[in-house]
Amino acid sequence: MKNKSIKRIISTLLIFVALIPILIVGVYTNYSQTKSLKSNFESSTKNSVLSFKSMIAQKNKNNMESINTLANDGNAKNLLKSKDNANWLFYALEAFRSSHSEITNVYLGTVKGNTIFSPKTDVVNSIDPRTRPWYKKAVEMKGDPIITEPYKDTSGTNSLMVTISKAVVDEKDSLVGVIGMDIKLDDLSTIAKNTKIGKEGFVVLVDKNGSIIGHKDKEKLNKNIKDLNWPKEILNKGIIDKVKIDGKEYKVITEKDGATSWSIVGFLPYSEIQSELNKYYRMIVIISLLSLAGALAIGGLFSKKIINPIRKIEDALACMKDGDFTKSIDKGETSIYEMELIMDGINTVREETVKILDSLKSVSSDVKESSDILKNITEQSEMAGNEIVQVVQNIADATSDQAQSMEGSLNSISDLSDKVENSMENSKEMVKESDIVRNIIKDSGQAVKGLKNKFELNSKSNQELANKIDTLAESSNKISIITETIQSITEQTSLLALNASIESARAGEAGKGFAVVAEEVRKLAEQSSTSASEIERVIFNINKEVKDILDKMYETIELEKDTKDKIDITDNAFNTIRKSIDKLEESIRNVNESQKIIYNNKNDILNKINEASSVSEEIAATTEEITASAEEQAAGLKEVVGSAEKLNSYSDTLNSLVKQFKI
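Here's what the structure looks like:
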């Protein structure tokens, strides 16, 4: 898989971090707003239905009061006592009908089968009112008004009508007859048409048998809801969330009129509710798009502040890896505290390393020069030591010859005097040369100690760099912990989305929209989890690079330790050489003193030539000891030469290492 840039990962993460809360708030707002909007529509619809119900109740109340007034009319109560009362009652009915346009007929059927009818008609004389339903029911109610089922007018208007009737009794509570009035229901459709629910909603009035008696569309009047394929449940009082009628979905609210058992049914198109909800959906989408743009802008600015310092650090470390310490890191306008610490640390390491390399170059050159001088001096000392051995051997030979023959003693002593003088001069030169060697060894020892101190400073700087890189690794680990927290949050968000989907499934049709939103939230949570995993992988790569740097740093520290050990060996070698030179100088002084004594006593030797024979053996023994000392001195000088050669080799190695770096 191709690695993604930090800029892209940060931008993606910011997008999800910005969108997920907005979507969650949007879902919650949508849920609460949907609930509130539905509640408002329900309240508005119910108010319209209740208003319609109130109008019907008021009309029924007025009609009941009218029928009660007519039933209590004195002419009606005393109808059977006088024919004049019939005439007066007819005039009263005429006047009442004329003042109420919705009333088509007013009449009173007597217990004798006669009918007083307004307006006048001959048809009523052929009908016995006592056989009519309105008469029978009114008699059964014993004084309470009754309302018949709606029916069509048979006079040719086809209008829907109802009859309100009431039993009429005299002062003795004896039945006189039943008074009734036929009322047109046309005004109910007018009221239904004028009753607004939303923009396209409407109210329908249905009797208890399911026949429509009030509708804005007059073609549906007197039709049964069964014939129109309307669900029977709409007649029950309450709320039905969704009902499909004529291909459209409606929210239905039903109220019952207690006096008539009529159902006042309010229909609100579901599309109006959805239209209002779409406004909120559009608002959420706009806010989400604006947040997306803002997140992209912030992600771009923020990633630049991280990427630019990292690139500078990467370039500087790449140069150092190749041995180029000439370039430092320019912090510029870096505002990230940790990045500034890393840059300062790397710059400090570079500066300290440059100083150490400069010192190494100088010290290695001095060591090389001193080791060359020391090598030359020790070689010369070795040659002089060999000469001393040879001279002492000659002395031993001469002493042996003197023991054999004293005759040539004078000549031999004269020759010996000259050789002693030369030997004394050589001894003086050897003392001088040994002093020079001692000073050189002292200076070289100081240089080696300075080199040792520089290496210790370099080791300390490298250790500080390793500590700062460890701090960088810890910061990377903290970022890993943050991504794990983001993954935990996205997993919890997925779980919440799953729970929301389950609850929406339980809600049925009402929860479908919420289920879709919950599914989108779950997908966004999964994408957030993926982005967090990618961030974790990038941090893992960073940690791997930091580990590689630490490994290289620890290799450098190990190399410094090895170099320090070799410097310690060199320092010890210088101390050994110094001690050997001290011993050599002491031996030379002893030889020189002996030679002075021989030289000063040569006249005595000449005078005591005879005594020389007796001590010749002692001289031979002394010369043998001197020979042994000279041989030891020569062996010590060989060791000094070997140490000088090793020091020279170490200085060459150090020079080759220093030349690999560019400062």
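Numbering-wise, the UniProt record's numbering puts 443 at position 443 of the sequence shown, and it's gapless, one number per residue. Cβ atoms here follow ideal geometry from the backbone N, Cα and C, with glycine treated the same way. What you are looking at is a predicted structure, and each value in this text was computed from that prediction instead of being measured.
| Query | Result |
| --- | --- |
| Determine the closest residue to THR190 out of MET283, SER39, THR485 and ILE213, with distance taken between C-alpha atoms. | ILE213 |
| Run through the DSSP bridge pairs and tell me what SER271 is partnered with. | The partner list for SER271 (beta bridge, DSSP) is empty, contrary to what the question assumes. |
| Within a Cβ cutoff of 6 Å, which residues of the same chain sit near GLU503, ignoring the five residues on either side of it in sequence? | none |
| Name the two residues that bound the continuous beta strand (DSSP E) containing GLU249. | 248-256 |
| Apply the 10 Å Cβ neighbour rule to VAL206 and answer buried if 16 or more other Cβ atoms are within range, or exposed otherwise. | buried |
| For MET1, name the three-state secondary structure that DSSP assigns. | The pLDDT assigned to MET1 is 46, lower than 50, so where the model puts this residue is not dependable, and the model offers no usable value. |
| Just to check my reading of the structure: ILE67 and LEU93 have Cβ atoms closer than 8 Å, yes? What is that Cβ distance to the nearest angstrom? | Going by Cβ atoms, the distance from ILE67 to LEU93 rounds to 12 Å, so no, they are not a contact pair. |
| Under a three-way DSSP split, which group does LEU108 fall into? | strand |
| Do VAL106 and SER118 count as a contact pair if the criterion is CB distance below 7 Å? | yes |
| Just the C-alpha distance for LYS251 and ILE298, rounded to the nearest angstrom, thanks. | 46 Å |
| Give a yes or no on whether the C-beta atoms belonging to ILE179 and LEU80 are separated by under 7 Å. | no |
| Is it a yes or a no for the segment 170-188 touching the segment 128-144, going by three-plus beta-carbon pairs under 8 Å? | yes |
| Tell me whether the segment 61-77 and the segment 162-179 touch, counting them as touching only if at least three CB pairs, one residue from each stretch, are closer than 8 Å. | yes |
| Using the Cα positions of THR110 and THR121, report the straight-line distance between them to the nearest angstrom. | 17 Å |
| Checking 7 Å against the spacing of the C-beta atoms, do ALA318 and ILE329 come in under that value? | no |
| Relative to the alpha-carbon of THR490, which residue among GLY450, SER531 and ASP470 has its alpha-carbon at the smallest distance? | SER531 |
| Quick test of your reading: ILE56 and ILE264, contact by CB under 8 Å. State the CB separation rounded to the nearest angstrom. | 7 Å |
| Buried or exposed, going by whether 16 or more other CB atoms sit within 10 Å of the CB of THR493? | buried |
| In three-state terms, what does DSSP make of ALA92? | helix |
| Mind checking VAL516: buried by the 16 CB within 10 Å criterion, or exposed? | exposed |
| Using CA atoms only, rank isn't needed, just tell me which of ALA505, PHE540 and SER501 is closest to LYS523. | SER501 |
| Distance, Cα to Cα, ASP652 vs ASP565? | 16 Å |
| Under 6 Å Cβ to Cβ from ILE479, same chain only, skipping five residues before and after it: list those, please. | ILE539 |
| Per the DSSP calculation, ASN224 is bridged to which residue(s)? | SER211 |
| Tell me, which residues are paired with residue 665 by DSSP? | The chain is shown only over 1 to 663; residue 665 falls outside these bounds and no answer can be derived. |
| Please return the same chain residues whose Cβ sits closer than 7 Å to the Cβ of LYS218, not counting the five positions on each side in sequence. | SER189 |
| Could you tell me the distance, in whole angstroms, from the CA atom of MET1 to the CA atom of SER291? | A caution first: MET1 carries a pLDDT of 46, below 50, which makes its placement in the model unreliable, though a value can still be read off. Cα to Cα, the separation comes out at about 29 Å. |
| If you follow the alpha helix (DSSP H) that ALA76 is part of, which residue opens it and which one closes it? | 74-77 |
| Return the first residue and the last residue of the alpha helix (DSSP H) that LEU188 is part of. | 186-194 |
| I need the straight-line Cα distance from SER362 to GLN446, nearest angstrom please. | 13 Å |
| Could you check the C-alpha separation between LYS547 and TYR554 for me, to the nearest Å? | 10 Å |
| Among GLU338, SER39, ILE346 and VAL49, which one has its Cα closest to the Cα of SER327? | In the sequence as presented, Ser is not what sits at residue 327; that position holds Lys. The option with the nearest alpha carbon to LYS327 is ILE346. |
| For ASP128, does the three-state DSSP call read helix, strand or coil? | coil |
| With distances taken Cα to Cα, identify the nearest neighbour of LEU495 among VAL521, GLU464 and GLU484. | VAL521 |
| What are the partner residues of ILE160, as DSSP defines its beta bridges? | In the sequence as displayed, the identity of residue 160 is Leu instead of Ile. Answer is LYS152, bridged to LEU160. |
| To the nearest angstrom, how far is it from the Cα of ALA293 to the Cα of THR12? | 12 Å |
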